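Count the sequence shown with my numbering and you get residues 1 to 377, in order.
All C-beta atoms in this analysis are idealised placements derived from N, C-alpha and C, irrespective of residue type, glycine included.
Here the structure is a predicted model, which means the values were calculated and not measured.
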Amino acid sequence: MKHFNIEMIIYTKDEAGREQLKKLYERDSLWSAPLEAICVDDAVILPDRDRKGGVIDRSGAFVTESAYQHGDVNLWGGSYEIVEQEIEYVPEKVIFIGQLFRHWGNFLFDCLARVWCALKEEEELRIAYCFSLQSPNDAFEQKCKNFFQLLGISQDRLLEIRKPVRFHMVIVPQLSIFPGTFCTKEFLEVFDEAVSRVANSMNGEVYDRLYLTRTQMASCKELGEKKIEHIFRKLGFQIIAPEKLKIEEQIYLFSHCKILASIEGTTSHNIMFAGERTEHIILRKQRYVNTRQVLFDRVKKIEPQYIDIFFEPFQGFPLNHDAGPFWVGITSSMKKWMKSQGITLSWKEWGAVLMSEIMDGILYTAKCLYYKYVLKY
């Protein structure tokens, strides 16, 4: 087991966060035991309903292996009352991969935990899944299907479960990853398969240094990232917005870069498509420690650099690790990292940074007040 010297690669004033990261990276979270899959005869697959769903056997008992859980922690899964006469019957054997979230970060982490079985199964069985009860998003769902296509899984093999369906047999693969808990080599193999197939089908321009920006996202919740972009551009990084590229173009660029940098979250999860010797720079946008990211870097055997770029002047904000709002910029930790890289800014540049920080601070304050007094969070 490889241990990580976090003390040498983190730029932070958040001592609690430093210690938590250190413990997470030193923990033995990589499982080497081979994964298994169970076969359930005459089983019913239940679609998502209020975070419940999964597989029930012929006696009506819930198959716990079909839930997204580990130990006492259950993030999704469970049975609910159904009308037997309304269950459709399909005389077929399928692989159940669970619930898919309409969020790219969750898709990469949570929703691919059982896909390893589909890559190993010699029969080209159909793959059953259910989407979470969120607003339909045709573009995102097509993106998921395109990713499966990269794995060699054709779209006609994908079967979305929208109502209870009974099958001749349902194969339920064991999870290959669980948030903040464990990860296996089978999880990594799914990404390796995608990278290999893209490498054999594409040949284009690549960049040694990539910075993945969030500024062009419609749902961007980070104020101040433009200043961070400027610093990385001065260091020779190519600035790209992943969502503007096709999935195969993203994977091709990620797999060929030598240094990958981004704000922590969905964009930093793309390290899974990079090579094992890739340097990873993770910019912390909040005090919250993202345990999913730790597992990603651990399974890739990558020692990341963590740099704090967040300002959190008000208690209770950001609301949580996803909702925001987030205020990022040239913090003292970022300045320390810049010094280590030999980066200096002119007085004119520092003046622009100061004016931008003032404006971002005003906007951030307004957002927090809006969340508290208008949205009543």
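Determine the extent of the alpha helix (DSSP H) in which Ala352 is found, giving its start and end residues.
Within the sequence shown, the letter at position 352 stands for residue 352. Note, Ala352: alpha helix (DSSP H), 347-369.
Tell me which residue opens and which closes the alpha helix (DSSP H) that Glu17 is part of.
As a working note, residue 17 is residue 17 in the sequence shown. Per the sequence shown, residue 17 should be read as Gly rather than Glu. 15-26 is the span of the alpha helix (DSSP H), which, as asked, contains Gly17.
Between the C-alpha atoms of Ala139 and Glu92, what's the straight-line distance to the nearest angstrom?
Numbered from its first residue, the sequence shown carries residue 139 at position 139. Numbered from its first residue, the sequence shown carries residue 92 at position 92. Their Cα atoms are separated by approximately 29 Å.
For the candidate residues Ser268, Ala194, Val170, whose alpha-carbon lies nearest to that of Tyr306?
For this step, residue 306 is matched to residue 306 along the sequence shown. Selected option, being the one with the closest Cα: Ser268.
Given a cut-off of 8 Å on the beta-carbon distance, is the pair Phe232 and Ile239 in contact?
Here residue 232 corresponds to residue number 232 of the sequence shown, with the count starting at 1. Here residue 239 corresponds to residue number 239 of the sequence shown, with the count starting at 1. Their beta carbons are under 8 Å apart, which means Phe232 touches Ile239 by this criterion.
Please confirm whether Leu223 and Val374 have their CB atoms less than 8 Å apart.
Taking the sequence shown and counting its residues from 1, the one referred to as residue 223 is at position 223. Taking the sequence shown and counting its residues from 1, the one referred to as residue 374 is at position 374. No. Outside cutoff.
Can you name, in chain order, every residue of its own chain whose Cβ lies under 6 Å from the Cβ of His321, other than the five neighbours on each side?
For the purposes of this step, residue 321 is identified with residue 321 of the sequence shown, where counting begins at 1. Excluding residues within five positions, the ones whose Cβ falls inside 6 Å are Tyr288.
Contacts around Trp281, its chain only, beta-carbon distance under 6 Å, and the 5 residues preceding and following it disregarded:
Counting from 1 along the sequence shown, the entry for residue 281 is found at position 281. For the record, residue 281 in the displayed sequence is Ile; it is not Trp. Taken in chain order, the residues that qualify are Ala261, Gln305.
On the DSSP letters alone, give me the boundaries of the alpha helix (DSSP H) that Ser340 sits inside.
In the sequence shown, counting from the first residue as 1, residue 340 sits at position 340. Per DSSP, Ser340 belongs to the alpha helix (DSSP H) from 332-340.
Assuming Tyr211 is part of the alpha helix (DSSP H), what are its boundary residues?
In the sequence shown, residue 211 corresponds to position 211, counting from 1. First-last for Tyr211: 209-212, but that is the beta strand (DSSP E), not the alpha helix (DSSP H).
Endpoints, the beta strand (DSSP E) within which Ser262 is located
Numbered from its first residue, the sequence shown carries residue 262 at position 262. 259-263 is the extent of the beta strand (DSSP E) around Ser262.
For Arg166, which residues of its own chain have a beta-carbon under 6 Å away from its beta-carbon, when the five flanking residues on both sides are left out?
On the sequence shown, residue 166 is found 166 positions in, with the first residue counted as 1. Excluding positions up to five away in sequence, the list reads Val44, Ile87, Tyr89.
Return the first residue and the last residue of the alpha helix (DSSP H) that Gly204 is part of.
The sequence position of residue 204 within the sequence shown is 204, counting from 1. That residue, Gly204, is in no alpha helix (DSSP H); it is neither H nor E in DSSP.
Contact the segment 171-188 vs the segment 150-161: 3+ CB pairs below 8 Å:
no
Give me the residue from Ala218, Gln69, Leu46 with the minimum Cα distance to Phe178.
Stepping through the sequence shown from its first residue, residue 178 is reached at position 178. Nearest option by C-alpha distance: Gln69.
Since I believe Pro47 is in contact with Ile161 (beta carbons under 8 Å), could you give me their beta-carbon distance rounded to a whole number of angstroms?
Against the sequence shown, residue 161 aligns to sequence position 161. Against the sequence shown, residue 47 aligns to sequence position 47. About 5 Å; that satisfies the 8 Å criterion.
Between Leu150 and Arg197, which are expected to be in contact by the criterion C-beta below 8 Å, what is the C-beta distance as a whole number of angstroms?
As a first step, residue 150 is located in the sequence shown; it is residue number 150 there, counting from the start. As a first step, residue 197 is located in the sequence shown; it is residue number 197 there, counting from the start. Between Arg197 and Leu150 the Cβ distance is about 5 Å, and since that is below 8 Å, they are a contact.
On the three-pair Cβ rule with 8 Å, is the segment 240-258 touching the segment 210-220?
yes
Runs of beta strand (DSSP E) lying entirely within the segment 259-316, each at least 3 residues, in chain order
259-263, 279-284, 305-308
Kindly give me the distance between the Cβ atoms of Leu30 and Cys183, rounded to whole angstroms, as I take these residues to be in contact under 8 Å.
Mapped onto the sequence shown, residue 30 falls at position 30. Mapped onto the sequence shown, residue 183 falls at position 183. Confirmed, about 6 Å.
Mind checking which residues open and close the alpha helix (DSSP H) that includes Lys120?
Sequence index remark: in the sequence shown, residue 120 carries index 120 (1-based). Counting along the chain, the alpha helix (DSSP H) containing Lys120 begins and ends at 116-120.
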